[in-house]
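Numbering (the numbering used here), first residue to last: 1 to 474. In what follows, a single structure is set out as structure tokens and then discussed.
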Amino acid sequence: MKPPRKEAIAKALAILIESVNEENGSQLVSEDTSTLDSATPGALVDAEKALDVTRSGFIENIDRLISDIRRRRNVAAPIHQFPPEVFITILTHLADAYSLEGKEYRILDLMTVNRTWREIIIDSPQLWTTIRSDYPPEFANLVIERSKAHTLSLIWDTSASHYLDSDNDEFKAILELAAQNSPRIRTMNVVVGRGSRKTLQRLLECSTPQLEILHAKLSPDGVEMDTGTRSFTLSEGGPLKELALHRTSVSNWSSWRISGLRLLDLSSLIQLPPVDQIVRILSTSPDLEQLSLRWFNPPSLPLVRWDERNVGEPIELPHLKKIKLEELPPVYYFSILSRIRPGVCNSVRLMGIGTGETNNMLSEELWRERGETMSALLQLSKISTPTRVENCPLSVVVDSWSATIVNLVRTEALQEPEKSIFRLFHTNAHRITQVLGEFFSALNLETPPLRLQLEDAIVGRDTPFDLRLWSSSL
1 MKPPRKEAIA KALAILIESV NEENGSQLVS EDTSTLDSAT PGALVDAEKA LDVTRSGFIE
61 NIDRLISDIR RRRNVAAPIH QFPPEVFITI LTHLADAYSL EGKEYRILDL MTVNRTWREI
121 IIDSPQLWTT IRSDYPPEFA NLVIERSKAH TLSLIWDTSA SHYLDSDNDE FKAILELAAQ
181 NSPRIRTMNV VVGRGSRKTL QRLLECSTPQ LEILHAKLSP DGVEMDTGTR SFTLSEGGPL
241 KELALHRTSV SNWSSWRISG LRLLDLSSLI QLPPVDQIVR ILSTSPDLEQ LSLRWFNPPS
301 LPLVRWDERN VGEPIELPHL KKIKLEELPP VYYFSILSRI RPGVCNSVRL MGIGTGETNN
361 MLSEELWRER GETMSALLQL SKISTPTRVE NCPLSVVVDS WSATIVNLVR TEALQEPEKS
421 IFRLFHTNAH RITQVLGEFF SALNLETPPL RLQLEDAIVG RDTPFDLRLW SSSL
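Encoded structure:
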């Protein structure tokens, strides 16, 4: 883009100077500054001020023109050709996507894009539905007001805050506002640490009849507290869709709200949920997509014995995509794996199955009596149609204390391959090798190539390994 000619600029400047002199009734300024050689200091100050006023007025008009042109350009953009309701839908999905990825979504940033966006956002109550712990009380009240009758999402994270504590007035104001509007909360994501120990219990025990998604976490610096403040009683209301608890627990696991879940994620719990309640939750959640139970760190539980008659009815979980069971008491592994009938799981992680002689036997029974379940989790069932990752055969590694099975697959819905990982503890390497050999040889399916690795520490013993059951699979 070419600038205006110097002659045009000089002509415009002459017109401006003539106008400012006319407005002030004197010859304050001139294009030829040499005429000011004999001017007094006061006259020079007046001349400078006159030019400053002239420049400001000129720039103001230029800026106004540029702003108007930009507004017209923005209005002409394809996104502004959408009806307002379509634009609102796009922004709503954007907020949901940010939430799923754990990113921060700030509606105020969107309001600064242009005047059209600002007007649409202000008049759209469905976009004013998130309250955050770091909002100033005035802005949080504005969100509540503009949200009208829509349900709310509460994002409360004080784990890294040093100024948010029970003595802070802004903190208490936001907490009280959240408690007062708890009947409207649909999604609650709470992370608390030092200085916020009672906050978790206050928020979670409020009346939340519309609550569907509950994620609650005690950060490591908030763990040293009384047991009573590490668990809460889930209030009455409709069934949850997602329940994720970390270092905190509920005292009423039998609540019918904990059913019909799409996600169940429990880790590092202080109060262990009864295994029969875990089974009940699974049996009442046919749409479950993610199951994660790990590191309960529970007291020692009595050993259990396999009894086919007490296994119970199968639990069909056709939508289960991810399952993670780690460091659980053996009774939990067996009660879950002996009952569930999963569909195609994209990600499986079963770690620490079978510790002790009796539980070794139960681990063996899972592979012998529940081959259909275990093969489905390994992506080897008839309903599973993953794509094998080239040059990555199914791997079985047996050492002196565990057997690890890894299967690497890629499904149509996933760009990157996912792993199915099983780690089984044992006290007899020969026996677990035989059990797994029986499992793979008994499959009535075409299995991928297997890679069996026996570590040197067990191969060098006196008793040789019988690998005849593996001959058709290796």
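Virtual Cβ for every residue (Gly too), placed ideally from N, Cα, C.
The C-beta separation of K324 from R368 comes to about 24 Å, leaving the pair out of contact by the 8 Å criterion.
Taken in chain order, the whole beta strand (DSSP E) runs of length 3 or more contained in the region 318 to 377 are 322 to 326, 340 to 342 and 347 to 353.
By alpha-carbon distance to T187, the top candidate from I90, P239 and V20 is P239. For H319, same chain residues with a beta-carbon under 7 Å away, outside a window of 5 residues either side, are D287, L288, E289 and G343 in chain order. Counting along the chain, the unbroken beta strand (DSSP E) around K217 starts and ends at I213 to L218. Between the alpha carbons of P83 and Q126 lies a distance of about 16 Å.
By the Cβ-count criterion, G437 is buried, with 16 or more other Cβ atoms from all chains shown falling within 10 Å of its own Cβ. Shown here, M111 sits in a helix according to DSSP, grouped into three states.
In this structure, E205 lies away from F171, with their beta-carbon atoms at least 9 Å apart.
S19 carries a helical assignment under DSSP once its states are collapsed to helix, strand and coil.
With contacts defined as CB atoms closer than 9 Å, I405 and I421 qualify as a contacting pair. Counted as a single uninterrupted DSSP element, the alpha helix (DSSP H) harbouring A442 occupies residues A429 to A442. By a beta-carbon distance limit of 8 Å, S182 does not contact T151. Their separation comes to about 11 Å. By the CB criterion at 9 Å, F439 and S402 fall outside the cutoff.
Taking the Cβ atoms as the reference, L467 lies roughly 11 Å from V396, outside the contact range of under 8 Å. With fewer than 16 neighbouring CB atoms inside 10 Å of its own CB, G57 falls in the exposed class. With 16 or more other CB atoms across the displayed protein chains lying within 10 angstroms of its CB, R132 is buried. With respect to the 9 Å criterion, I281 and L261 are classified as neighbours on the basis of their beta carbons. Taking a C-beta distance under 9 Å as the contact criterion, P314 and V275 do not qualify as a contact pair. A Cβ-Cβ contact shorter than 9 Å links S285 with S259. CA-to-CA, the gap between E365 and G371 works out to about 9 Å. Linking R71 to N114 through their CA atoms gives a straight-line distance of about 7 Å. Inter-residue distance for S235 and L203 is about 11 Å (C-alpha atoms, whole angstroms).
Judged by DSSP secondary structure, E242 falls outside any alpha helix (DSSP H) and instead within the beta strand (DSSP E) spanning E242 to H246. For A429, the number of other beta carbons within 10 angstroms of its own is at least 16, and it is reported as buried.
Annotated three-state conformation of K2 is coil, per DSSP. For F232, DSSP records a beta bridge to V250.
Under the three-state reduction of DSSP, T208 is assigned to coil, being neither helix nor strand. In this structure, S292 lies away from R247, with their beta-carbon atoms at least 9 Å apart. The three-state secondary structure of Q290, taken from DSSP, is strand. Nearest neighbour of L469 by Cα position, chosen from S335, S441, P3 and I69, turns out to be S441. Beta-bridge pairing by DSSP links W156 to V190.
Rounded to whole angstroms, I174 and I340 show a C-alpha spacing of 43 Å. For A403, DSSP records a beta bridge to V398 and L424.
One Cα belongs to T116, the other to N24, and the distance between them is close to 41 Å.
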